[in-house]
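Undergrad: Pasting a structure here, questions to come.
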């Protein structure tokens, strides 16, 4: 954002999990991606919902039109194994074929693991690593161009796994995680050390619905934020979604929402389209009458 105009906004979103109605609602509310309206999607676009392919294609179109307008972080669900279990594989095959699924996997391997916003904000899908002295430079140099390894043994694979899978905890240090034997939780001291060692102010992560069922939750004295953007997750959780909107000077606001259904959005769009056509038609009539009178 440092080279953008003072009117540039950065909109950070958490998991959307195939819920196209959330993405369309957000674009309608905050504007479509552009060079001055930049979106970070913080992983887990795939799986659970029915329209992840449409979301990805929509984001790719915006990215091709203006590369800087959309940034996509990898989540733990941007991998083949998770897709085969949690729905994205079946979704792709119902609409396309295995070739397209393989192409999606190729793209997932190229997605970034984290974003450093103006050397102040660290945006990552899951959280921090069990290797507490890791630096931004080391994270940047990781060989991420491969499928996620669910039972990692090598240092590099473990770091990648942690960035995608870890969760914050209240107690200090590194702890176990109910997600599985390989998964960890990290305490406030881990967050403090990472931010201090890397001259950062705050960590924004996603990966889980806040316990409060709001779209955002604060941990570690406000230094770690969970952001989740799939409202009424899986059409049953009844949680709010949220977006964080940063201005150029990194002042920000949080917007929580409950998106209407895709059907309601479609009906609203069609009504607005008819209204625009009617206004355009009336304006042409007025212009014609003016020309006739002169």
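Numbering (our numbering), first residue to last: 21 to 314.
Beta carbons are placed, not taken as given, at the ideal position from N, Cα and C, and that holds for glycine.
(1) Just curious, the beta strand (DSSP E) that residue 148 is in, first and last residue?
(2) In the DSSP assignment, find the beta strand (DSSP E) that holds residue 113 and state where it starts and stops.
(3) Which complete beta strand (DSSP E) runs does the segment 248-300 hold, if anything under 3 residues is left out?
(4) If you follow the alpha helix (DSSP H) that residue 223 is part of, which residue opens it and which one closes it?
(5) For residue 265 and residue 31, which I take to be in contact (beta-carbon distance under 8 Å), what is that distance rounded to the nearest angstrom?
(6) Tell me the DSSP secondary structure of residue 230 in three-state form.
(7) Run through DSSP, which three-state label would residue 35 get?
(8) Find out if the Cβ-Cβ distance for the pair residue 33, residue 61 is shorter than 9 Å.
(9) Return yes when the Cβ of residue 172 is within less than 9 Å of the Cβ of residue 147, no when it is not.
(10) Between the segment 94-111 and the segment 64-81, are three or more C-beta pairs nearer than 8 Å?
(11) Are the CB atoms of residue 82 and residue 52 nearer to each other than 9 Å?
(12) Threshold first: 3 residues or longer. Then list the beta strand (DSSP E) segments lying entirely within the segment 150-221, N to C.
(13) Looking at C-alpha atoms only, which residue of 94, 287, 289, 249 is the closest neighbour of residue 165?
(14) Could you tell me whether the segment 137-145 touches the segment 210-225, using the rule of 3 or more Cβ pairs below 8 Å?
(15) Buried or exposed, going by whether 16 or more other CB atoms sit within 10 Å of the CB of residue 200?
(16) What's the call for residue 90, buried or exposed, on a 16-neighbour Cβ count within 10 Å?
(17) Determine the extent of the beta strand (DSSP E) in which residue 238 is found, giving its start and end residues.
(18) According to DSSP, simplified to helix, strand and coil, what is residue 130?
(19) With respect to the alpha helix (DSSP H) encompassing residue 92, which residues constitute its N-terminal and C-terminal limits?
(20) Quick check on the DSSP output: the beta strand (DSSP E) that includes residue 48 runs from which residue to which?
(21) Out of curiosity, what's the CA-to-CA distance linking residue 74 and residue 40?
(22) Once the 5 residues before and after residue 211 are set aside, which same chain residues still bring their CB inside 8 Å of it?
(23) Using the beta-carbon count (16 or more within 10 Å), is residue 71 buried or exposed?
(24) Quick one: residues in its chain with C-beta nearer than 8 Å to the C-beta of residue 22, no 5 flanking neighbours on either side, listed in chain order?
(25) Would you kindly check if the distance between the Cβ of residue 167 and the Cβ of residue 101 is under 9 Å?
(26) Anyone know if the C-beta pair for residue 251 and residue 279 falls short of 9 Å?
TA: According to the data block:
(1) No beta strand (DSSP E) contains residue 148, which DSSP labels as neither H nor E.
(2) First-last for residue 113: 108-115, but that is the alpha helix (DSSP H), not the beta strand (DSSP E).
(3) 261-266, 272-277
(4) Element bounds for residue 223: not the alpha helix (DSSP H) but the beta strand (DSSP E), 222-225.
(5) About 5 Å separates the beta carbons of residue 265 and residue 31, which is inside the 8 Å limit, making them a contact pair.
(6) coil
(7) strand
(8) yes
(9) no
(10) yes
(11) yes
(12) 194-196, 204-206
(13) 94
(14) By the C-beta criterion, the segment 137-145 is judged to be in contact with the segment 210-225, since at least 3 inter-stretch pairs fall below 8 Å.
(15) exposed
(16) buried
(17) 236-239
(18) Note: residue 130 maps to coil in three-state DSSP.
(19) Unbroken run through residue 92 is the beta strand (DSSP E), 90-92; no alpha helix (DSSP H).
(20) That residue, residue 48, is in no beta strand (DSSP E); its alpha helix (DSSP H) goes 40-50.
(21) 7 Å
(22) 148, 188, 223, 239, 240, 243, 244
(23) buried
(24) Caution is warranted here: a pLDDT of 49 is assigned to residue 22, below 50, making its placement in the model unreliable, and no coordinate value can be reported.
(25) yes
(26) yes
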